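Line by line, the protein sequences give chains Z and G.
The first sequence begins at 1 in full-length UniProt numbering and counts up one residue at a time.
The second sequence begins at 1 in full-length UniProt numbering and counts up one residue at a time.
Here a beta-carbon is modelled for each residue, glycine too, at the ideal position from N, C-alpha and C.
Small disclaimer: the values here were computed from a predicted structure and weren't measured.
Step one of this worksheet: look at the structure below.
2 protein chains.
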Amino acid sequence: MAKLQLEAFLPYRLNRIAAAVSQDFRSVYGPHHDLTIPEWRVLATLGQFEAMSAKAIGRHSAMHKTKVSRAVRALEERRWLRRRPSEEDRREEILTLTAQGEKAYRQIVPKALAFEHRLLEQLGPDAGPLLAALGRLEAVIKVAGQLEDDRT
Amino acid sequence: MAKLQLEAFLPYRLNRIAAAVSQDFRSVYGPHHDLTIPEWRVLATLGQFEAMSAKAIGRHSAMHKTKVSRAVRALEERRWLRRRPSEEDRREEILTLTAQGEKAYRQIVPKALAFEHRLLEQLGPDAGPLLAALGRLEAVIKVAGQLEDDRT
DNA sequence: CACAGTTGGTCACGAATGTAACTATCCATT
DNA sequence: AATGGATAGTTACATTCGTGACCAACTGTG
């Protein structure tokens, strides 16, 4: 009978690794701020772009619109972001970080970058090729599978 | 303000890629058999090892025991696997695929391998380095983050 | 300028998941 | 052989998530 080694199977390995890395990464923002991954993504996107609609956040962070909607509400209740009606299109709202939100962002970002740096360092000479291969994978995959995602 | 490009951030990229690959992979077993990922993992593990306890399946496929429990029940109701009480330890049950389950396994495995092969082919020269780097990542990560996981 | 189709965002619902509690069994020690 | 702690597996509960329905506002066509 033709066999398949699950532990060597690429989709399985990718998922397992992604889950483990995300789990590890949680230690960066978890203890101090208790964020969910969707919340972290929204925070990161707004920190990166200053002002954006929920739709644009979803596009950039690869999240379903209901996920974005809920994360935005959570961050709003935490007073980390503010909504402002859009002038050009009154269906959408422009979201921006509050001073408090920016403060949290500034606290988390260096830790996140340090985390990533440590990880790449541990990979040693494999780091460069890994990043190259991931870029290739993204290019290959995004053709077919658009839509959303998950962790981190 | 220190910035972080989410789309270039390693944990995010890994998750995004893993999700997209799994989504794509779903087209392999989805249309024909309508399996969930936990079910697929249980099937793959039993196909690989013939007979195993639920606990062992969880260890091998990196799934929480409740996930395994539910997937096993689903496959049992589908008559793809059978339970048999263990002689040595009556707490556990030995699980094996039925003829029907093996048939499905034999149908899916070649498609899964073909899927993986296509993917690696598209990566061209990056394929080898990617696999090497993933191995390294697994080694680095498994030290800390054990436990379970997700898709595929 | 009216109407049809589209789009941003929210909400209700059902499906999937993890935590914690629980049962039954095993094992070690006395 | 009795008791206490560990282990395999299931179940109840709360949380998270995606699908689909929905509302309001936009856009294009006539």
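* To do: For residue 45 of chain Z, go through chain G and note every residue whose CB falls closer than 9 Å to its CB, in chain order.
  => 6
* **Counterpart residues of residue 51 of chain Z in DSSP-defined beta bridges** => Z:96
* **residue 38 of chain G beta carbon less than 7 Å from that of residue 71 of chain G** => yes
* Proximity test, Cβ basis, 7 Å: residue 18 of chain Z and chain G -> yes
* Under the rule that 16 or more other beta-carbon atoms within 10 Å means buried, what is residue 128 of chain G, buried or exposed? -> exposed
* Report buried or exposed for residue 146 of chain G, applying the criterion of at least 16 other Cβ atoms within 10 angstroms of its Cβ. => The predicted position of residue 146 of chain G is uncertain, since its pLDDT is 44 and thus under 50; a value taken from the coordinates is nonetheless stated next. So residue 146 of chain G counts as exposed.
* Please decide whether residue 133 of chain G counts as near chain Z, where near means a Cβ-Cβ distance under 7 Å. => yes
* Cβ-based contacts, 9 Å cut-off: residues of the segment 95-108 of chain G near chain Z -> 102, 105, 106 and 108
* What's the call for residue 45 of chain G, buried or exposed, on a 16-neighbour Cβ count within 10 Å? -> buried
* Asked: So is residue 2 of chain Z in contact with chain G if we call contact Cβ pairs under 7 Å?
  -> yes
* Going by Cα to Cα distance, which pick from Z:12, Z:16, Z:24 and Z:9 is closest to residue 111 of chain Z? -> Z:24
* To do: Taking all protein chains shown into account, decide if residue 55 of chain Z is buried (16 or more other Cβ within 10 angstroms of its Cβ) or exposed.
  => exposed
* Contact set between the segment 54-70 of chain Z and chain G, restricted to residues whose Cβ is under 8 Å from the partner -> 60, 61 and 62
* Asked: How do the segment 1-14 of chain Z and the segment 113-122 of chain G stand: do at least 3 beta-carbon pairs fall below 8 Å, yes or no?
  -> yes
* Confirm, please, whether the CB-CB distance from residue 139 of chain G to residue 126 of chain Z is below 7 Å. => no
* Whole runs of the alpha helix (DSSP H) within the UniProt domain "HTH marR-type" (7-149) of chain Z, excluding any shorter than 4 residues -> 10-33, 37-49, 54-61, 65-77, 99-123 and 127-142
* CA nearest to the CA of residue 42 of chain Z, picked from Z:15, Z:17, Z:136 and Z:104 -> Z:104
* Rounded distance between the beta-carbons of residue 2 of chain Z and residue 109 of chain G, thought under 8 Å -> 5 Å
* How should residue 67 of chain G be labelled, buried or exposed, when 16 other C-beta atoms within 10 angstroms of its C-beta is the threshold for buried? -> buried
* Asked: Who are the neighbours of residue 38 of chain G on chain Z, taking C-beta pairs under 7 Å?
  -> Those do not exist, as residue 38 of chain G stays about 12 Å from chain Z at its closest Cβ, beyond 7 Å.
* **Contacting residues, own chain, Cβ-Cβ under 6 Å from residue 107 of chain G (five flanking each side not counted)** => none
* Whose C-alpha, out of G:141, G:96, G:57 and G:75, is nearest the C-alpha of residue 35 of chain G? -> G:75
* **chain G within 7 Å of residue 123 of chain Z, Cβ atoms only** => yes
* To do: State yes or no: is the beta carbon of residue 85 of chain Z nearer than 7 Å to at least one beta carbon in chain G?
  => no
* Do we get a CB-CB distance below 7 Å when we pair residue 28 of chain Z with the residues of chain G? -> no
* Could you tell me the distance, in whole angstroms, from the CA atom of residue 49 of chain Z to the CA atom of residue 69 of chain Z? => 18 Å
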